[in-house]
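In what follows, a single structure is set out as structure tokens and then discussed.
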Amino acid sequence: MDYLDIAGSMDRKIGPAEGILIQRELSPLVDRKWDKRKVERIAGADVHFPARDQARAALAVFSFPGLELIETAVHQSACLTPYIPGLLSFREIPAILKAWKKLQGSVSLLLCDSHGIAHPRRLGMASHLGLILDIPTIGCAKSPLCGIFEEPGPERGDRAPIRDKEGFTIGTVLRTRQRVKPIYVSIGHKIDLVHAVQFVLASTPRYRISTPLRWAHRLAGSRT
DNA sequence: GCGACAG
DNA sequence: ATCTTGTCGC
7 MDYLDIAGSM DRKIGPAEGI LIQRELSPLV DRKWDKRKVE RIAGADVHFP ARDQARAALA
67 VFSFPGLELI ETAVHQSACL TPYIPGLLSF REIPAILKAW KKLQGSVSLL LCDSHGIAHP
127 RRLGMASHLG LILDIPTIGC AKSPLCGIFE EPGPERGDRA PIRDKEGFTI GTVLRTRQRV
187 KPIYVSIGHK IDLVHAVQFV LASTPRYRIS TPLRWAHRLA GSRT
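Using my numbering, the letters of the first sequence correspond one by one to residues 7 to 230.
See the structure below:
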């Protein structure tokens, strides 16, 4: 079964046992390097749930580094898989892929409202989506899922490494705004942690959340 | 066994 | 994520 094929695992309900097997199989395929490609378009992806079985995905594409809005795409459809910590991909990615097909232009880098490799099996949604779309992605979560870390300093740009039990760094707790709760950045796919943090800060000029993700969040329908 | 647990 | 008002602090 080709799990990177949309029809391979994203068009049906996936249970915990199968989901974990898929993640273990795909995890080794994540590319943790940055190839220095030109980033002219950076996008944000988010999903809102109007009802328990309905998912509304939104994508907001911006120019980079100017951060001017280029285009948006939205798609609402039924979601078959319930939310289970560690298996978020199977609930949100189907709707995101359908919205993705509606985009007219290309995307150089995609920011996701989730973790990347800072995940129990090193395959959070940002990594999974990056593998499926075959583009660079970054995990930008608002709360931790796993790992150990210290509280970063109070200034914008202050950070602290997120490490697994073996001591390996799997992400960065990053303060994107002075004295505001930090976010959790991790490699999604086709990028390294240093560049991931750099791109997140460059696309987060004022608020806690990056411009692409804030727009995606709004477009998806969330009131906050 | 118990608690934690992206969105 | 969602149910939901006002309120405290910069």
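The C-beta atom is built at its ideal place from N, Cα and C for all residues, glycine as well.
This one's a predicted model, so the numbers in the text were calculated from it and none came from an experiment.
Expressed to the nearest angstrom, what Euclidean distance is found between the alpha-carbon atoms of residue 52 and residue 82?
12 Å
Look at residue 190 and residue 147 and say whether their C-beta atoms are less than 7 Å apart.
yes
Just to confirm my understanding: we take residue 73, look at its own chain, exclude 5 residues before and 5 after, and list those with CB closer than 6 Å. What are they?
217
Span of the alpha helix (DSSP H), counted from its first residue to its last, around residue 96:
95-106
Between which two residues does the alpha helix (DSSP H) carrying residue 82 extend?
Here residue 82 belongs to no alpha helix (DSSP H); instead the beta strand (DSSP E) covers 75-84.
Secondary structure, alpha helix (DSSP H): runs of 4+ residues fully inside the stretch 176-229:
199-208 and 217-226
6 Å CB neighbourhood of residue 246 in its chain, flanking five on each side removed
Residue 246 lies beyond the range of the chain shown here (7 to 230); nothing can be said about it.
In three-state terms, what does DSSP make of residue 136?
helix
Under the rule that 16 or more other beta-carbon atoms within 10 Å means buried, what is residue 65, buried or exposed?
buried
Anyone know if the C-beta pair for residue 45 and residue 70 falls short of 7 Å?
yes
How do the stretch 153-164 and the stretch 80-94 stand: do at least 3 beta-carbon pairs fall below 8 Å, yes or no?
no
Suppose you measure from the CA of residue 25 to the CA of residue 134; what does that come to, to the nearest Å?
12 Å
Backbone CA spacing between residue 105 and residue 145 [nearest angstrom]:
19 Å
Backbone CA spacing between residue 202 and residue 43 [nearest angstrom]:
13 Å
Quick one: what does DSSP say residue 2 is sitting in, helix, strand or coil?
With the chain represented from 7 up to 230, any question about residue 2 goes unanswered, as that position is not in the structure.
According to the neighbour-count rule (16 or more other Cβ atoms, all chains shown, within 10 Å of its Cβ), is residue 98 buried or exposed?
buried
Quick check on residue 29: does DSSP put it in helix, strand or coil?
helix
Between residue 121 and residue 151, what straight-line distance do the alpha-carbon atoms span, to the nearest angstrom?
8 Å
Less than 7 Å separating the beta-carbons of residue 109 and residue 84?
no
In terms of residue numbering, what span does the beta strand (DSSP E) encompassing residue 67 cover?
60-69
Bridge partner(s) assigned by DSSP for residue 165
180
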